[in-house]
Structures are given as structure tokens and as C-alpha cells.
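A.B. asks: Take a look at this one; I'll ask things after.
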Amino acid sequence: MTISTGSTPRHRIRDLIRQANGMARYVPQDVVTLAARVFPAMVFWQSARTKVDGFSIKDSTYFLFEHVYALPLIPPAQAAVLATIAEHVLPVLLILGLFARFSALGLLLMTAVIQIFVFPEAWVTHGLWAAALLVTLAHGPGRLSLDYPLKLDTGKATASRESPM
């Protein structure tokens, strides 16, 4: 690590900060994409496990969807079943990196529903989930995924990096 001998302490501090920031390029992208998949997936998986007893949806899950979550436009029993299935399937696919962008999108939509209709006061938590899921959606699951060897996703971002201006 070489620190330039800028003319002022301000320049030396700036150069030191730049070099410290430059160290971030040594964090492997595959570690970033893996973490962005695993951590939000585990939140949903753990939630899913509280909704079932073996292969049956608990009565308490139906109660919550009827009295606490109360989503508009969808009957509570149907919402309970759909959410329970999605919370079991999508996190597993996301961790495996199989259909990862689809899984991230599904969990991102669930996050939006939870934020808007169920727990709007928990926006910080939901924002953290969304940020991680957006990494997968925008950049793909990376090489540490099943999508990569199956050539289902190259790991390249779908959006153009070029500015429209």
C-alpha cells in the first residue's frame, strides 16, 4: 500500500481513504451474490417453518391470515396456502441459485405486499430484504449457483450500464 505524499494533510487523508475504499475490489463478487441470496432466503424460510406442522398448515396460520394479515383481494385461506408454499419453495430455489432471478422477484413481491398491507412500520427491515433481493435480480446469482453451470443465467446484469443521457 503506497500513500502519496500530497501537499496537505487533507490530500493525504483523501488518498488514504481512496486506497482503503479500493480494497473492496478484493471482495469476490461470488461471495456478494451468495450472501445476497442466502440471507433474505433464510428470513422467508424461517417464517415458512412457523406456518406448518409437518406437511399441514397450522390453524394459527389461517387465523393470522384472516385476522392479522388480512390482505385485500384474496381470501385469507387462499393467501395462507399461497404464502406458505411460496415461503418454502422460493427460498430453497434462491439458496440453490436455481431460477434465482425468478425466486428473488417472487420474494421481492412478497416483501412489497408485507410492507404495504401487513407491517408498513417495518420499512427498514423490508428495505434490507429488498436491497439484497435486488442484488440477485439485477446482477444474477453468480457462479456459486445452479443457474450458472446449467447456463440458465450468465450472472450478467440485465439492465444496461450506459447512461441514457
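In the numbering used here, each number is its position in the sequence shown, counted from 1, plus 5.
Every residue gets a Cβ at the ideal spot worked out from N, C-alpha and C, and that includes glycine.
Computed from a predicted model, the values in this text were never measured in an experiment.
Going residue by residue through the region 97-129, where are the continuous alpha helix (DSSP H) segments of at least 4 residues, counting only ones entirely within it?
C.D. replies: Whole alpha helix (DSSP H) segments, 4+ residues: 105-118.
A.B. asks: D158: buried (16+ other C-beta within 10 angstroms of its C-beta) or exposed?
C.D. replies: Result: buried.
A.B. asks: G27 lies in the alpha helix (DSSP H); which residues open and close that run?
C.D. replies: P14 to G27 is the span of the alpha helix (DSSP H), which, as asked, contains G27.
A.B. asks: For D95, which residues of its own chain have a beta-carbon under 6 Å away from its beta-carbon, when the five flanking residues on both sides are left out?
C.D. replies: What sits at residue 95 in the sequence shown is Leu, not Asp. Closer than 6 Å at Cβ, skipping near neighbours: S108, G111 and L112.
A.B. asks: Would you kindly report the start and end of the unbroken alpha helix (DSSP H) that includes V36?
C.D. replies: Note, V36: alpha helix (DSSP H), Q34 to T55.
A.B. asks: What are the partner residues of S61, as DSSP defines its beta bridges?
C.D. replies: In the DSSP output, where bridge partners are listed per residue, S61 has D58.
A.B. asks: Among the candidates D64, I119, L99 and K63, whose CA atom is the shortest distance from the CA of L151?
C.D. replies: Comparing Cα-Cα distances from L151 to each of D64, I119, L99 and K63, the minimum goes to L99.
A.B. asks: G147 and L39 - do their beta-carbons sit closer together than 8 Å?
C.D. replies: The answer is yes: Cβ separation under 8 Å.
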